[in-house]
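Quick note, the sequences are listed as chains A and B, same order.
Sequence positions in the first sequence follow my numbering and run 204 to 382.
Sequence positions in the second sequence follow my numbering and run 464 to 791.
Note that CB positions come from ideal geometry on N, CA and C, so glycine has one too.
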Amino acid sequence: MMFFLFLIFLIFCSFGVISSRNPIHSILFLVCVFILSSALLFCLEIEFLGLSFILIYVGAIAILFLFVVMMLDLKINDKLFNRLQYDLVTYFLIFFFFLELALPLSSLSSFTSSLQYSNFDWINWPLQIETFTNIQAVGQVLYSYYFILFLLAGFILFVSIIGSLMLTLTLNKTGEMRS
Amino acid sequence: MFFSLILILKIFLIIIPLLLSVAYFTLAERKIMASIQRRRGPNVIGYLGLLQPLADGLKLFIKETILPTSANILIFLLAPLLTFFLSLMGWVVIPFGENLVVANVNIGLLYLFAISSLSVYGIILSGWSSNSKYAFLGSLRSASQMVSYEVSIGFIVISVVLCCGSFNLSEIIFSQSKVWYCLPLFPMFLIFFVSALAETNRHPFDLPEAEAELVSGYNVEYSAMGFALFFLGEYANMLLMSSLTTILFFGGWLPILNIIPFNFIPGFVCFGGKICIFVILFCWIRAALPRYRYDQLMSLGWKTFLPVSIGWLFFSSSILICFNFLPF
């Protein structure tokens, strides 16, 4: 019940993101989308992921968005022709996206069973005798079966950090680095 | 029906004492600063000025709310409400004594973190929506200050969590029954407390209070209740940070020594006393120290606290692994 309530609000807010004229308003709608999606995760009893959603997306990324958009001097372009032009393209894309989603969803049972299929066929013996908290469960899977993906994600973040550092550094003629 | 009634009662049992303690926090601050500067402080209203906070609240309540003409009214009104409610929301997971907590959740520390990262929005939105350059720049200043000190607080919290093996605040306190974490993690305690000062926009990092040189901060355009809500939110956040320091480093409700005369003190009294020490420290620092410049503040956060806390995280985790002290 709560799940579907949040879902309806979520869809409403995500329409708000693309339809509001003021960029600050659309970022605030985006923040609402993040919070509501973490509320969905709470409904599914995945509290850890929900809270990390709030921490990372709302607490860091959306604030950076907000900073950048506030500092830019944006002219609000509100001509009717522009709106029609862009909105038509947007709704066209949305339609195709939903079509793509709907195709596998129509054969829902086979789709979910294909998701659940995995190469590792093991009995999780510790689970048979005791229960885990959210964080322990995530950690056990993350550091054992998906450790390569985890390492790769870390490397990608590292490369992006180095890249942004290199963009902000300016080199002197002597090759001396100066921040 | 009965269950929801009890829940509402619980919520009021937290909120009303919290608001009262915020009110008397302001009085305590004025009194302590006055006695440091050899003045009397407020002493006219009520016995020894004890009704002063109520009079201040009444004054702010009956003042006129001024809405700037070019402000974004909805967000302008929303921002102080957001700050106030978020500062109340954090108290749900704080354990006041053994089993004396509204929601004993597994990830209480992460919850507190998420709440405190949300409370930046109140500040940013208030600055932007008042449509004034001073408020806007002030809000950017405060927001970036809070965000940057949150990072080092996060690393310190992780090093505490490594020592006790749980995000649950009650379990963090239980794990300190042998020794409080302020002894083994003493440098982290110092950094955490200074970061808490910066996180709550307090002295010596209180740039929003710098009226003379920076035209105050994000709340210049607010008057009456809007200002009062910001004020209450700020002081409730200060109390929350000092209770968090108590929980993480000073053993929460645990007595000072686990022997007979100290054992009889009830847990919540112990907890309150420890919070009071930090409250006095907050006021003392405000009276004693000069204000930091903004660039010094940022360089202290990013270039000193962050490397030290990351280094301490590696150090403590390697010590824990070396001696097989890991709690799980």
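Check, Outcome
"Inside the region 560 to 601 of chain B only - beta strand (DSSP E) runs reaching at least 3 residues", "none"
"Buried versus exposed call for A/GLY366 [16 or more other C-beta atoms within 10 Å across all chains shown]", "exposed"
"Touching by the beta-carbon criterion (3+ pairs, under 8 Å), the region 630 to 649 of chain B and the region 584 to 598 of chain B", "no"
"Backbone CA spacing between B/CYS733 and B/ASN721 [nearest angstrom]", "12 Å"
"Inter-residue spacing [alpha-carbon to alpha-carbon] between A/SER382 and A/ILE364", "Note that A/SER382 scores a pLDDT of 46, beneath 50, so its modelled location is shaky; the value from the coordinates is reported in the next line. Looking at the two C-alpha atoms, the distance is approximately 15 Å."
"Simplified DSSP state of B/ILE557, which is helix, strand or coil", "coil"
"The region 560 to 575 of chain B: positions lying closer than 7 Å to chain A by Cβ", "ASN569, ILE570, LEU573 and TYR574"
"Alpha-carbon to alpha-carbon, B/MET761 and B/ILE710", "27 Å"
"B/GLU662 and B/MET609 closer than 8 Å at C-beta", "yes"
"Proximity of A/GLY253 and A/LEU244 at Cβ, strictly below 8 Å", "yes"
"CB contact flag (B/PRO790, B/GLY628, <8 Å)", "yes"
"Residue range of the alpha helix (DSSP H) that includes B/PRO724", "723 to 726"
"Own chain, CB closer than 8 Å to B/PHE524, minus 5 neighbours either side, in chain order", "ALA687, MET688 and ALA691"
"B/SER706 versus B/PHE745, B/PHE693, B/ASN726 and B/SER679, residue with shortest Cα-Cα distance", "B/PHE745"
"Nearest-angstrom Cβ-Cβ length linking B/ILE557 and B/VAL564, presumed shorter than 8 Å", "7 Å"
"Own chain, CB closer than 7 Å to A/MET205, minus 5 neighbours either side, in chain order", "CYS246"
"Distance CB(B/PHE630)-CB(B/GLY715) smaller than 8 Å", "no"
"Among B/ASN682, B/ARG749, B/PRO647 and B/ILE495, the one whose alpha carbon lies nearest that of B/PHE794", "With chain B running from 464 to 791 in the structure shown, residue 794 of chain B is simply not present."
"B/MET496, enclosing alpha helix (DSSP H) - first and last residue", "465 to 499"
"Whole runs of the beta strand (DSSP E) within the region 600 to 632 of chain B, excluding any shorter than 3 residues", "none"
"Residue-level contact to chain B via CB, A/SER382, 8 Å cutoff", "Because the pLDDT at A/SER382 is just 46, under 50, the model does not fix this residue reliably, and the point stays unresolved."
"Where the alpha helix (DSSP H) through B/SER779 begins and ends", "769 to 785"
"Where B/LEU648 sits in the DSSP three-state scheme", "coil"
"Top-ranked residue by Cα proximity to B/SER589, from B/ALA577, B/ARG754 and B/ASN535", "B/ASN535"
"B/VAL623 at chain A interface by Cβ criterion, 8 Å", "no"
"Bounding residues of the alpha helix (DSSP H) (the contiguous stretch that carries B/ALA518)", "515 to 525"
"Within chain A, the residues that B/TRP591 reaches when beta carbons sit closer than 9 Å", "ILE227, LEU269 and MET273"
"Pairwise C-alpha distance: A/ILE257 and B/ILE773", "23 Å"
"Contact list for B/SER550 against chain A, beta-carbon separation under 9 Å", "Those within 9 Å of B/SER550 in chain A number zero; the least Cβ separation is about 16 Å."
"Runs of alpha helix (DSSP H) lying entirely within the region 662 to 695 of chain B, each at least 4 residues, in chain order", "674 to 677"
"Distance between A/ALA356 and B/PRO753 (C-alpha atoms, nearest Å)", "44 Å"
"Neighbour flag for A/LEU243 against chain B, beta carbons, 8 Å", "no"
"Interface residues of chain A facing B/ALA542 [CB-CB closer than 9 Å]", "Neighbours of B/ALA542 on chain A: none; closest Cβ ~11 Å, over 9 Å."
"Chain-ordered neighbours of A/VAL261 on chain B, where CB pairs are closer than 9 Å", "ALA577, SER580, LEU581 and TYR584"
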